[in-house]
Structure formats: C-alpha cells, structure tokens
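Student: All residue numbers for the sequence shown refer to this note's numbering, where the first residue is 1 and numbers rise by one.
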Amino acid sequence: MASRQKAKRKPFKFISAILSNSRSLYLPKLVNFIQLCVNKISQCFKFLKKYLIKHKTSVVVLLVLLLCSVFTFAAILPGNHIFEGNIIAQEITFTYNGQQPKLFIQNIRGIKQIENEGIQTLTFTGNFQSQSLPQLNNLDSLKIQLKDRKSRWIITPANPNVTSTIALNNLRLEPETKVNGLSYDFQRQQLAFDLQPKPNSNPNTLELYLGEEPLKVILEGYKLPDLKLSNQFDEQAPLEFIVNPNNKELLLKIQQNTNIYLTLNKPPKADIQQWFRGKIETKDVKFLYVDRNANNSREDLYTSAIVEGKIIMAGQEQEIKQNQFLMGENLDKPLNIQLIRHLQIIPNKGIEARFSGKTQQIQIGLDEDFPVSKIQGSWLDGVLPRDAIIALFSFGAATVANLLAWLFSNTSNSGSNNSNQP
Numbered sequence: 001m002a003s004r005q006k007a008k009r010k011p012f013k014f015i016s017a018i019l020s021n022s023r024s025l026y027l028p029k030l031v032n033f034i035q036l037c038v039n040k041i042s043q044c045f046k047f048l049k050k051y052l053i054k055h056k057t058s059v060v061v062l063l064v065l066l067l068c069s070v071f072t073f074a075a076i077l078p079g080n081h082i083f084e085g086n087i088i089a090q091e092i093t094f095t096y097n098g099q100q101p102k103l104f105i106q107n108i109r110g111i112k113q114i115e116n117e118g119i120q121t122l123t124f125t126g127n128f129q130s131q132s133l134p135q136l137n138n139l140d141s142l143k144i145q146l147k148d149r150k151s152r153w154i155i156t157p158a159n160p161n162v163t164s165t166i167a168l169n170n171l172r173l174e175p176e177t178k179v180n181g182l183s184y185d186f187q188r189q190q191l192a193f194d195l196q197p198k199p200n201s202n203p204n205t206l207e208l209y210l211g212e213e214p215l216k217v218i219l220e221g222y223k224l225p226d227l228k229l230s231n232q233f234d235e236q237a238p239l240e241f242i243v244n245p246n247n248k249e250l251l252l253k254i255q256q257n258t259n260i261y262l263t264l265n266k267p268p269k270a271d272i273q274q275w276f277r278g279k280i281e282t283k284d285v286k287f288l289y290v291d292r293n294a295n296n297s298r299e300d301l302y303t304s305a306i307v308e309g310k311i312i313m314a315g316q317e318q319e320i321k322q323n324q325f326l327m328g329e330n331l332d333k334p335l336n337i338q339l340i341r342h343l344q345i346i347p348n349k350g351i352e353a354r355f356s357g358k359t360q361q362i363q364i365g366l367d368e369d370f371p372v373s374k375i376q377g378s379w380l381d382g383v384l385p386r387d388a389i390i391a392l393f394s395f396g397a398a399t400v401a402n403l404l405a406w407l408f409s410n411t412s413n414s415g416s417n418n419s420n421q422p
C-alpha cells in the first residue's frame, strides 16, 4: 500500500521540478525585459517633455488647429435630422408601417354611391327585386363572388331623389398595406383610393352602413355560387337588382388589391376633419401622379401632385411650389416620411398632409432628376443654433488658414536657422 502511494507521488514531484526549473530560468529574463521597457518609456517621456518645453508655442498652435479643424468639419459634414412639413397635394400614396391594425377612415356620411373594384365576396340579406334575373325575387339572402381584378359592384339608393343615408363607418389598415392614389375629385365630390394589402396577411376591414332606403346594386364580373342558373343566363353581362336590406351593417374583408370610390351627396363641410385618423406610421410616401405603361414599367411617367407646401429641417425652411417634386438624399427613393400626423381635405385644393421624418438632405425641384434647392443639416445643427454654426464655421475656417500659414512660416525659419548653425 505504501509502495503504491510513493508511485503516485513520483509524477507530481517530476512536474513540480520542471516548473521550478523553468521559473528559475525565465524569471530573470522577464524581469530584465520589463526593466528595459520601463527605461525606454521613461526616456521617451523625457524627450517628449524637453520637446514640448522647447516648442511650447508650436504645440499650443497645433492643439488649437486640431480643435478648430474638428469644429469646422463638424459644421460641414451632413447628419441625420428630424424634419416636419405641411403639403397640400391632389394625390397621396403611402404604405402603412405600423405593427398593429390602424383606424384610417371613419364617419363619412351622406354617400350617394359606393363603387368597389377587385376580387371580393359579399352577402346581402333582405328582399330582392330583379327584372333581368327573376330568381332573385324569391330569395332572402344572396352571396356574390367578384371573380377578378376588373370585377366591380356599385350600390346607390334605388330612388335617386331621396337623400342617401349610406355611410362608411370605418376602414382599418393592416400592417404593410399600401394606400395608393388617395385623392378627392371636387367636381364629382368623390373620394378615391386603392388598397394593396401585403400578401398572406390579415384582411383590411371596411364597415359600411347601408342606410334606411332600398338600394340598387349593379354587378360586373361576378358569380352567384348558391344559384343554379340556366345556360341562357350570361354572367358576363352586368346584373342589376334592388335590395331592401334587413341587415344594415355590411362588413367587407379586403385581402386583394381593391379600388374604392365614394361619391357624396354634396360637398363636404365641417365633418371632413373627422374623416381621417392621424398619427399614421408610414414609409414610401409619395405626392405623385403615375401614368403607367402596361408593357414596360420603366416607361411609367411620373408627375408631381403637389399644390403647395413647406418643409423645415435643422432651422431651415423651404417653400414647395405647385408641381415641384419633394425628394430625399437619394433621388431614386422618396423622402423618409415616417409619420403622417394629420390628413384633411382642403376645399378646391386637395388633401393636406402634415408629416415628419428623419433624413440627411431634402431636395426640391420641378424635375425629379435635377433639384434646384436643398436643405441639409450638419452634425452641429442638433446642438447649436444655425446662426451660431455659421459664425463658428467662419471663425474656424479663418483660424485654420492663419494657423497653417504661421506653422509653415515658423517651420521654414527654424530650418534656416538650423542650417546656419556650425
């Protein structure tokens, strides 16, 4: 048993002996190396101290030159800044960039006609009357499928002489839904827009109040899946019928690209300020008309829809005139408008948008490829007033020029003095 314990201890003694020998060999060398480094550093500091004492004025000048150069470049180099603006445009396009469903439109009363284009399924309940399809007269419910992008349905009061009570209660947007071509036609008294939902997302919801009077409904490009129609009936031809709905609420789920047109009885008045909900998180905001080429998208023609406006960033204000384009730092991308705070219809002008965002540069011009005016903020704009930055830049630039001239002159004089010495 004792012999076994001695055998176990032998490897440990051997390792300990190796470590002690290595320490005795390398420790003096390590100490000498550290002492050498300390001596070299001490010599460098002594030399630097003598040099600074000898060239004290030059060192101070260099420090001042460095400081002035930093402030001068900080006043030039662009930085990201928050901007805000107010634009009246005849057409607005944007993508909703929020994380939750957002109430977009509400409480539009006195609608004379609603027109909807796109793939859709809807169901009416009530009493039906139709001359072109008498089978409807015996129904109390009718399911309608609109087949393709060109399909459409129209509802309007059956009696054109009555005051319509049709209303849009609310429209909610799902994240990443694009609202394309939002506009108001003052001759027709018609609000129009195109909803383009994100594929495979939750549907946008549109809630309508159908009013108290019977409705005339017109269908194009439809199917009636619950009806067995004769072979003589042509589903390609428009279908017109009258329904007296017993369910006054109609909820539509919009999952495909859909054009919506709302025509009012009369020009909107005080209630127009309540139509659009504010604080809409956005991206890809554009104030443009687009004349599309069906064969080649590169040949699409873009025209500014701006009527008037102004924009402010970094203490600089710029007026935006009619038909001018509003762009960001990159001409190929729209200005980074992150929030539409307020939307409102301005009679006989267009739709007013108050917005804010963040960018380095704002560009404005009649030609989107050749902007004529710019707003650009520097790094210092978020710290100092604009007037102070201009004064600081002027002082810094002049100081840098004078100090550089002094340094070159002093260096050349020192060199000549050294060359004259024996």
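Glycine residues also receive a C-beta, built at the ideal position from the N, C-alpha and C atoms.
When you compare the CB positions of S130 and L139, do they come within less than 7 Å of one another, or not?
Tutor: To locate residue 130, count along the sequence shown from 1; it is residue 130. To locate residue 139, count along the sequence shown from 1; it is residue 139. Taking 7 Å as the Cβ cut-off, S130 and L139 do not qualify as a contacting pair.
Student: If contacts are defined as beta-carbon pairs under 8 Å, then G118 and L146 qualify, I think. What distance do you get, rounded to the angstrom?
Tutor: Your numbering for residue 118 matches position 118 in the sequence shown. Your numbering for residue 146 matches position 146 in the sequence shown. That belief holds up - the Cβ atoms of G118 and L146 are roughly 7 Å apart, short of 8 Å.
Student: At the level of alpha carbons, what is the spacing between K355 and S164?
Tutor: For the purposes of this step, residue 355 is taken as the residue at position 355 of the sequence shown. For the purposes of this step, residue 164 is taken as the residue at position 164 of the sequence shown. In the sequence on display, residue 355 carries Phe and not Lys. Roughly 34 Å between the two C-alpha positions.
Student: According to DSSP, is M1 part of a helix, a strand, or is it coil?
Tutor: Residue 1 sits at position 1 when you count from the first residue of the sequence shown. Interpretation of M1 is limited by its pLDDT of 46, a score under 50 that renders its predicted location unreliable; the figure taken from the coordinates is listed afterwards. Residue state, collapsed to three classes: coil.
Student: Which same chain residues, not among the five before or five after D367, have their C-beta less than 8 Å away from its C-beta?
Tutor: Taking the first residue of the sequence shown as 1, we reach residue 367 at position 367. Excluding residues within five positions, the ones whose Cβ falls inside 8 Å are F325.
Student: Hey, quick one: how far does the beta strand (DSSP E) through D185 stretch, first residue to last?
Tutor: Here residue 185 refers to the residue found at position 185 of the sequence shown. Here the beta strand (DSSP E) through D185 covers K178 to D185.
Student: Kindly provide the ranges of any beta strand (DSSP E) runs that are 3 or more residues long and lie completely inside the segment 77-148, ordered along the chain.
Tutor: 81-89, 92-96, 102-117, 120-129 and 141-146
Student: Just the C-alpha distance for E329 and T359, rounded to the nearest angstrom, thanks.
Tutor: As a first step, residue 329 must be located in the sequence shown, where it is residue number 329. As a first step, residue 359 must be located in the sequence shown, where it is residue number 359. Approximately 7 Å between the Cα atoms of the pair.
Student: List the DSSP bridge partners of G350.
Tutor: As a first step, residue 350 must be located in the sequence shown, where it is residue number 350. According to DSSP, G350 bridges with I346.
Student: Identify whether L215 lies in helix, strand or coil by the three-state DSSP scheme.
Tutor: If you number the sequence shown from 1, residue 215 lands on position 215. Residue state, collapsed to three classes: strand.
Student: Let me know if F128 comes out buried or exposed under the rule of 16 or more other beta-carbons within 10 Å of its beta-carbon.
Tutor: As a position in the sequence shown, residue 128 is number 128, starting the count at 1. Classification of F128: buried, given that the 10 Å Cβ count is 16 or more.
Student: Ordered along the chain, which non-local residues of its own chain (more than five positions away) have a Cβ less than 8 Å from that of S373?
Tutor: Counted from its first residue, the sequence shown places residue 373 at position 373. Around S373: Q318, Q363, I364 and G365.
Student: Among the candidates Q338, L250, K253 and L168, whose CA atom is the shortest distance from the CA of Q274?
Tutor: Looking up residue 274 in the sequence shown gives position 274. For Q274, the nearest C-alpha among the options comes from L168.
Student: For G365, which beta-bridge partners are listed by DSSP?
Tutor: Indexing the sequence shown from 1 puts residue 365 at position 365. G365 pairs with F325.
Student: Could you spell out the range, first to last residue, of the beta strand (DSSP E) harbouring L239?
Tutor: Counting from one through the sequence shown, the residue named residue 239 turns up at place 239. Unbroken beta strand (DSSP E) run through L239: L239 to P245.
Student: Could you check how far apart the C-beta atoms of I166 and G211 are, in whole angstroms? I think they sit under 8 Å.
Tutor: The residue you call residue 166 lines up with position 166 of the sequence shown. The residue you call residue 211 lines up with position 211 of the sequence shown. With a Cβ gap of about 4 Å, I166 and G211 count as contacting.
Student: Following the continuous beta strand (DSSP E) through Q318, name the residue where it begins and the one where it ends.
Tutor: Counted from its first residue, the sequence shown places residue 318 at position 318. Q316 to I320 is the span of the beta strand (DSSP E), which, as asked, contains Q318.
Student: Check the DSSP bridge columns for V290 and list the partner residues they point to.
Tutor: Reading the sequence shown from its first residue, position 290 is the one you call residue 290. According to DSSP, V290 bridges with Y302.
Student: State the Cα-Cα distance for the pair L224 and L142, rounded to the nearest angstrom.
Tutor: Here residue 224 refers to the residue found at position 224 when the sequence shown is read from its first residue. Here residue 142 refers to the residue found at position 142 when the sequence shown is read from its first residue. If I take the Cα positions, the gap works out to 8 Å.
Student: What's the C-alpha gap between K310 and T263?
Tutor: Position 310 of the sequence shown, counted from the first residue, corresponds to residue 310. Position 263 of the sequence shown, counted from the first residue, corresponds to residue 263. The C-alpha of K310 lies about 30 Å from the C-alpha of T263.
Student: How far does the beta strand (DSSP E) with T205 in it reach, from first residue to last?
Tutor: Mapped onto the sequence shown, residue 205 falls at position 205. From DSSP, the beta strand (DSSP E) with T205 extends over N204 to Y209.
Student: Residue range of the beta strand (DSSP E) that E174 falls in?
Tutor: Indexing the sequence shown from 1 puts residue 174 at position 174. Element bounds for E174: n/a, residue is neither H nor E.
Student: Near D291, which residues of its chain fall below 6 Å by C-beta distance, leaving aside the five closest residues on each side in sequence?
Tutor: Here residue 291 is taken as the residue at index 291 of the sequence shown, counted from 1. So the qualifying residues of the chain are L301.
Student: Taking all protein chains shown into account, decide if Q255 is buried (16 or more other Cβ within 10 angstroms of its Cβ) or exposed.
Tutor: Position 255 of the sequence shown, counted from the start, is the residue given in the question as residue 255. The residue in question, Q255, is buried, as its Cβ has 16 or more Cβ neighbours within 10 Å.
Student: Tell me the rounded alpha-carbon separation between Q113 and P334.
Tutor: Along the sequence shown, read from residue 1 onward, the residue named residue 113 stands at position 113. Along the sequence shown, read from residue 1 onward, the residue named residue 334 stands at position 334. Q113 and P334: Cα-Cα distance of roughly 34 Å.
Student: Alpha carbon to alpha carbon, how far is H342 from F104?
Tutor: Taking the first residue of the sequence shown as 1, we reach residue 342 at position 342. Taking the first residue of the sequence shown as 1, we reach residue 104 at position 104. The alpha-carbon atoms of H342 and F104 are separated by roughly 11 Å.
Student: Taking the beta strand (DSSP E) that Q189 falls in, what are its first and last residues?
Tutor: Taking the sequence shown and counting its residues from 1, one reaches residue 189 at position 189. Here Q189 belongs to no beta strand (DSSP E), and DSSP marks it neither H nor E.
Student: What do you reckon, are the CB atoms on I346 and I155 nearer than 7 Å?
Tutor: The residue you call residue 346 lines up with position 346 of the sequence shown. The residue you call residue 155 lines up with position 155 of the sequence shown. No; because the gap between Cβ atoms is not below 7 Å, this pair is not in contact.
Student: Is the separation between the beta-carbon of L215 and that of V243 shorter than 7 Å?
Tutor: Along the sequence shown, one-based indexing puts residue 215 at 215. Along the sequence shown, one-based indexing puts residue 243 at 243. Yes, Cβ-Cβ distance for L215 and V243 is below 7 Å.
Student: In whole angstroms, what is the alpha-carbon distance linking T282 and A158?
Tutor: If you number the sequence shown from 1, residue 282 lands on position 282. If you number the sequence shown from 1, residue 158 lands on position 158. Spanning the alpha carbons of T282 and A158 requires a straight line of approximately 39 Å.
Student: For F124 and Y184, what's the separation of their Cα atoms in angstroms?
Tutor: For the purposes of this step, residue 124 is identified with residue 124 of the sequence shown, where counting begins at 1. For the purposes of this step, residue 184 is identified with residue 184 of the sequence shown, where counting begins at 1. Cα to Cα, F124 sits roughly 29 Å from Y184.
Student: Please report the distance separating the alpha-carbon of E115 from that of L339.
Tutor: Your numbering for residue 115 matches position 115 in the sequence shown. Your numbering for residue 339 matches position 339 in the sequence shown. When rounded, the distance between both Cα atoms is 29 Å.
Student: Going by the CB atoms, is the gap between R152 and P101 shorter than 7 Å?
Tutor: The residue labelled residue 101 in the question sits at position 101 within the sequence shown. The residue labelled residue 152 in the question sits at position 152 within the sequence shown. Going by C-beta atoms, P101 is not nearer than 7 Å to R152.
Student: Taking its Cβ as the centre, do 16 or more other Cβ atoms sit within 10 Å of E249, making it buried, or is it exposed?
Tutor: Translated into positions along the sequence shown, residue 249 becomes position 249. Counting Cβ neighbours within 10 Å, E249 comes out exposed, since fewer than 16 surround it.
Student: Which same chain residues, not among the five before or five after I82, have their C-beta less than 6 Å away from its C-beta?
Tutor: Here residue 82 refers to the residue found at position 82 of the sequence shown. Same-chain partners within the cutoff: K358.
Student: Can you round the beta-carbon distance between F186 and N348 to whole angstroms, since I take them to be within the 8 Å contact cut?
Tutor: Walking along the sequence shown from the start, residue 186 turns up at place 186. Walking along the sequence shown from the start, residue 348 turns up at place 348. So it is a contact: roughly 6 Å between Cβ atoms.
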